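Participant:
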Amino acid sequence: MSARRKERAEGEILSEEEDRRSVEDEDFEEVMKEVASSTAARKKTAPSKQNIIPHIPEVVDDFLRNFLRRAGLTRTLNSFEAEWYGPAQKLLTGSLTMAGTGVFFIPDALTHRQLLLSELETVHRETDQLRQEVLVSGDSLVRMQRERDFHWLQYRRVAENKNRLIEDFKQLKKHLQSYEPALRQLDDKYQAALRQKMLISLQKDRIQNTTEERLNQEKVSKERSTKRSNSGDKSSSKSSIRHTGHQEDTDFPVYSCPLSSHLAQVNFEKLKSPSSFSLSCTIRAHELPISCIDLHPQQQILASASDDCSWRLWALPANGEKVAQMVLTGEGHSDWLSGCSFHPDGVKLATTSGDTTVRLWDLSHGCCVLTLSGHSQPTWGCSFHSCGHFLASCSADKTAKLWDLNSQRCRLTLRRHTASVNSVCFLSFSNLLLTCSADRTLAMWDARLGVCTATFHGHQHPCNHTTFSLAGNAIASCDSRGIIKLWDIRKPALAAATVDTGPLAANQVAFSPSGKMLAVASSDAVVRVVEVDSCMVSCLSGYSDAVQSVSFDHKGESVMSAGSDGVINIWS
98 MSARRKERAE GEILSEEEDR RSVEDEDFEE VMKEVASSTA ARKKTAPSKQ
148 NIIPHIPEVV DDFLRNFLRR AGLTRTLNSF EAEWYGPAQK LLTGSLTMAG
198 TGVFFIPDAL THRQLLLSEL ETVHRETDQL RQEVLVSGDS LVRMQRERDF
248 HWLQYRRVAE NKNRLIEDFK QLKKHLQSYE PALRQLDDKY QAALRQKMLI
298 SLQKDRIQNT TEERLNQEKV SKERSTKRSN SGDKSSSKSS IRHTGHQEDT
348 DFPVYSCPLS SHLAQVNFEK LKSPSSFSLS CTIRAHELPI SCIDLHPQQQ
398 ILASASDDCS WRLWALPANG EKVAQMVLTG EGHSDWLSGC SFHPDGVKLA
448 TTSGDTTVRL WDLSHGCCVL TLSGHSQPTW GCSFHSCGHF LASCSADKTA
498 KLWDLNSQRC RLTLRRHTAS VNSVCFLSFS NLLLTCSADR TLAMWDARLG
548 VCTATFHGHQ HPCNHTTFSL AGNAIASCDS RGIIKLWDIR KPALAAATVD
598 TGPLAANQVA FSPSGKMLAV ASSDAVVRVV EVDSCMVSCL SGYSDAVQSV
648 SFDHKGESVM SAGSDGVINI WS
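Going by the numbering used here, the letters in the sequence shown line up with residues 98 to 669, in that order.
1) Assign residue 161 to one of three DSSP states: helix, strand, or coil.
2) Taking all protein chains shown into account, do 16 or more other C-beta atoms lie within 10 angstroms of the C-beta of residue 206, making it buried, or fewer, making it exposed?
3) Report back the beta-carbon spacing between residue 479 and residue 455 to the nearest angstrom; my notes put them in contact at under 8 Å.
4) Please name the residue, chosen from 516, 495, 453, 522, that lies closest to residue 487 on a Cα-to-Cα basis.
5) Where does residue 194 sit, in a helix, a strand or coil, going by DSSP?
6) Helix or strand or just coil, what does DSSP make of residue 508?
7) Taking Cβ positions, are residue 387 and residue 373 nearer each other than 8 Å?
8) If we count the other Cβ atoms within 10 Å of its Cβ and call it buried at 16 or more, is residue 363 buried or exposed?
9) If we ignore side chains and look at the alpha-carbon of each, how far apart do residue 739 and residue 453 end up?
10) Which two residues bound the contiguous beta strand (DSSP E) that contains residue 448?
11) In or out: residue 666 buried (at least 16 other Cβ within 10 Å) or exposed?
12) Going by DSSP, name the residue or residues bridged to residue 582.
13) Look at the alpha carbon of residue 199 and the alpha carbon of residue 180, and state the distance between them as a whole number of angstroms.
14) Taking the alpha-carbon positions, what's the residue 507 to residue 498 distance?
15) In angstroms, rounded to a whole number, what distance separates the CA positions of residue 264 and residue 271?
16) Taking residue 554 as part of the beta strand (DSSP E), name the residues at either end of that continuous run.
17) Note down, in chain order, each residue of its chain lying with its Cβ closer than 8 Å to the Cβ of residue 426, except the 5 sequence neighbours on either side.
18) Grab me the residues of residue 650's own chain with a C-beta within less than 6 Å of its C-beta, minus the 5 sequence neighbours each way, in chain order.
19) For the beta strand (DSSP E) that contains residue 666, what are its first and last residues?
20) Could you say which of 446, 477, 451, 450 lies nearest to residue 462 if we only look at CA atoms?
21) What three-state label does DSSP hand residue 613 in the structure shown?
22) Below 8 Å between beta carbons: does that hold for residue 485 and residue 440?
23) Kindly indicate which residue of 495, 538, 178, 397 has the alpha-carbon position closest to the one of residue 443.
24) When the Cβ atoms of the stretch 564 to 579 are set against those of the stretch 543 to 550, are three or more pairs found closer than 8 Å?
25) Specify, as a first and last residue, the run of the beta strand (DSSP E) that residue 392 falls within.
26) Using 8 Å as the cut-off, can you tell me whether the stretch 585 to 592 makes contact with the stretch 627 to 638, which would need three or more C-beta pairs spanning the two stretches below that distance?
27) Going straight from the alpha carbon of residue 609 to that of residue 266, what length do you get?
28) Ordered along the chain, which non-local residues of its own chain (more than five positions away) have a Cβ less than 8 Å from that of residue 450?
29) Which of helix, strand or coil does DSSP assign to residue 216?
30) Relative to the C-alpha of residue 613, which residue among 619, 602, 626, 604 is closest?
31) Thinking just about the alpha-carbon of each residue, which of 160, 504, 287, 601 is nearest to the one in residue 513?
32) With 16 other CB atoms within 10 Å as the buried threshold, where does residue 260 fall?
33) In or out: residue 304 buried (at least 16 other Cβ within 10 Å) or exposed?
34) Where does residue 183 fall in DSSP's three states?
35) Roughly how many angstroms separate the alpha carbons of residue 607 and residue 467, rounded to a whole number?
36) Would you report the Cα separation of residue 242 and residue 249, rounded to the nearest angstrom?
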């Protein structure tokens, strides 16, 4: 009986425990369902990139732990804690889900706090770094603002100075324009006064000459009355005239015969093709560039002027010879030589130089006999009058001067060009003088009166050189663009022909004695020969640098040229 009661009691206890366990299991299942549903809801609402749920209900953890402790399920409690906190530790290292289940493990408050503290430290560290960068950027900004203000002040100051200079320039330009009419008027008055002065001086010279002639005639008559010989009387009268007139100005000769009578005595060359010229002789004349060459009026002697401040005379080869000999050399200028010209008698040589002087050399003694000073800037060239008593020179000071070699003074200063006068040339057996200038014009002068008789316009670039033909009916000129122009002396308004040898400069031109050919010294290291009638051009090559000067021989059978490489070539 007691055993049955005991079994019944144990059965009731077991039934009660089973009932209680069933109730607790139902409660646990409900709690897990609620946790799973809340976890799924949080998973849906949480952003995809958020791997950790920051807020968890701690009641679930306590409930499960207390429930297992009350039930005496110690091993179950230990297994629960091991399984509960094990995935939480894995969650700290990045493992969030169980393999194959997809269930998220929720950390407790301590783990969440540690995560927040680590994030807070990271934020503080980044904040400090950003604060330092902001301070550095602030200092840089302040410094750049100061530099900007400084440069802005400088810009304003420069802009004010620029505007002030522009205003001053405009005022000076207006002031200059207001002076231009007065300057033109003064220039016209000066030219008129100069012409009047020249006329007065010419009349005075004529009166003095007539007075001297009368005195000489009276003296001759007295000497004849003393019964001297006629020849002695004539020689003494001539010597006395020459003695009394040595320091006086020389009168310009009056040419009564036309130029054709002088040309009739010249044997012109037979017209040949320019392409028939070939290099026959080469002379290594100077080490530095040669600026000009000139041929002796009677002999085969060539003068050369160079940048080495010296001039030299060369005996040209003849009778099949190919070697030239240096005859004479002279030094005396203090700067480079720019030009040379033989006296008509062939005994003297005139040279021009960068030292602003013109020197006259006696070739028989090999020394300088006269220095003409009057130009204020370098002299570029010179030319003798056919009578030999006058020498014309041109200079960078925009003037050309006419020197009387007997009185050793400047007779005329020709002012018309507005830029450097680069060339001057006398027409043979006449008083006409031709100049060309960097102002792109040519001017023809009457040397007796100092009056400009014609002006030639047509060049678009500075003129480098100009020359007359021997017949005097044609003029050739060249400019810095390589343009050659041929002019009819009777029609200065329009060029008769134009030849383009550019784009480099043409430095000098020279007519052949017949006037049928024209030689051109070009800066492209080529000598060009132009047929005047057909304007056909032939090239003679043989230089390594620019050709500066060119000339024909007396018969027109050879062309002589000199270049910047210090070499003289003869083309026959």
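Each residue gets a CB set at the ideal place from its N, CA and C atoms; glycine is no exception. Bear in mind the structure is a predicted one, so any value in this text is a computation, not a measurement.
Facilitator: Short version:
1) helix
2) exposed
3) That belief holds up - the Cβ atoms of residue 479 and residue 455 are roughly 6 Å apart, short of 8 Å.
4) 522
5) Summary for residue 194: the model assigns pLDDT 46, below 50, so the residue's position carries little reliability, and this model does not support an answer.
6) strand
7) no
8) At residue 363, the pLDDT of 48 sits below 50, so the modelled position is not reliable; the number obtained from the coordinates is stated separately. Flag for residue 363 reads exposed.
9) Residue 739 lies beyond the residue range present for the chain, which begins at 98 and ends at 669; the question has no answer from this structure.
10) For residue 448, the enclosing beta strand (DSSP E) stretches over residues 445 to 450.
11) So residue 666 ends up on the buried side.
12) As a beta-bridge residue in DSSP terms, residue 582 pairs with 574, 595.
13) The pLDDT assigned to residue 199 is 47, lower than 50, so where the model puts this residue is not dependable, and the model offers no usable value.
14) In a straight line, the C-alpha of residue 507 is about 7 Å away from that of residue 498.
15) 11 Å
16) 548 to 554
17) 407, 408, 409, 410
18) none
19) 664 to 668
20) The candidate whose alpha carbon is nearest that of residue 462 is 446.
21) coil
22) Contact annotation: residue 485 and residue 440 have beta-carbon atoms nearer than 8 Å.
23) 397
24) no
25) 387 to 392
26) By the criterion of at least three beta-carbon pairs nearer than 8 Å, the stretch 585 to 592 is not in contact with the stretch 627 to 638.
27) 51 Å
28) 406, 430, 431, 432, 433, 434, 435, 456, 475, 476
29) helix
30) 626
31) 287
32) exposed
33) exposed
34) helix
35) Within the model, the alpha-carbon separation for residue 607 versus residue 467 is close to 28 Å.
36) Straight-line measurement puts the Cα of residue 249 at about 10 Å from the Cα of residue 242.
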